[in-house]
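Participant: Under the working numbering, the letters of the sequence shown match residues 1188 to 1410, in that order.
C-beta atoms are modelled at their ideal positions from N, C-alpha and C, and glycine is treated no differently.
Predicted, not measured: the structure shown is a model, and the values here were computed from it.
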Amino acid sequence: MPNHATLIIGAGGLGSCVAMALGTAGIGRMTLVDPDTVALSNLHRQPLYMEADLGASKVDTATIGLQQTCVNLEIGGMMLELTELDPLVALAREHDYIVDGSDNFATRFLANDAALHANRPLVHGAASGLRGQLMTILPHRSTCLRCLFDAPPDSITPTCQEAGILGPLVMEIGWLMAMEIVKLTEGTSDLLTNRMLTIDLETGIRRHVPLARQSDCRGCSTH
Ligand SMILES: [Zn+2]
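(1) Assuming V1286 is part of the beta strand (DSSP E), what are its boundary residues?
(2) Assuming P1222 contacts E1268 (C-beta within less than 8 Å), just tell me the rounded distance between them.
(3) So, is the C-beta of V1258 closer than 9 Å to a C-beta in chain E?
(4) Please tell me whether S1329 and T1380 are closer than 9 Å, where the distance is taken between their beta carbons.
(5) Where does R1318 fall in DSSP's three states?
(6) Per DSSP, H1311 forms a beta bridge with which residues?
(7) A1338 to V1225, Cα distance in whole Å?
(8) So if I measure from each beta-carbon to every heavy atom of ligand 1 and keep distances below 5 Å, which residues remain?
(9) Beta-carbon within less than 7 Å of S1244's beta-carbon, same chain only, minus the 5 sequence neighbours each way: which residues are those?
(10) What whole-angstrom Cβ distance do H1311 and L1303 have, given they're in contact under 8 Å?
(11) Assuming contact is defined by CB atoms lying nearer than 9 Å, are Q1233 and G1200 in contact in what I supplied?
(12) List the endpoints of the continuous alpha helix (DSSP H) containing V1369.
(13) Between which two residues does the alpha helix (DSSP H) harbouring P1274 extend?
(14) Would you mind sorting V1258 into buried or exposed? The rule is 16 or more other CB atoms within 10 Å of its CB.
(15) Which residues does DSSP list as the beta-bridge partners of G1264?
(16) Are E1238 and L1227 touching if we call contact CB-CB under 9 Å?
Below you can see the structure in the form of structure tokens.
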């Protein structure tokens, strides 16, 4: 596997699964970014953490655990809340790919905009309740988040806490996000671009929802 570098935004459920999958697949380098500490309420969907880790930094815990499992992995962790575009663009430029496993719309749009500015492919994923989704964004070549929504919504109903997130759903979405990165490293063109894969674990139905770039997109048409 080539020594590509992946920036993983969010070390919660999705970020944990992506990091584990990429680490064991032999993806050479990765950086995890997350401001949070390990909490009891989400241990069930975050397989990198155990009860003994409660209160510890997620990125520190994940980094130590992954280094023990994946001996050739170069991994770094940043306990950091991402709120500004410029630092994230600079960080993105130090990596080949970006994974967005964050849990809020503000960070998702920040990741989208940083990918566009830094010209780095971005794999977006989200999960709530029994439903999840993922898509890959090739900057200025395929549909971006702002083609779909001009701006992040003020709030979502229900919240992740209210809806709950099932562990197996997070793992399935996370594995598929990691697979998009593997495909990017291998140069395959069969990516989840210009479409969103939605998965409903209640019905077992998967859909590929076609997406189109918007010529007046505030994100990808102006840079
Ligand atoms: Zn766009």
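Facilitator: Reading off the structure:
(1) 1284-1287
(2) 4 Å
(3) Judged by its chain identifiers, the structure shown contains no chain E, having just a single protein chain.
(4) yes
(5) strand
(6) D1287, M1322
(7) 30 Å
(8) C1331, R1333, C1334, C1404, G1406, C1407
(9) T1224, M1266
(10) In fact, because the Cβ distance is near 12 Å, the residues do not count as touching under 8 Å.
(11) yes
(12) 1354-1373
(13) 1272-1280
(14) exposed
(15) L1219
(16) yes
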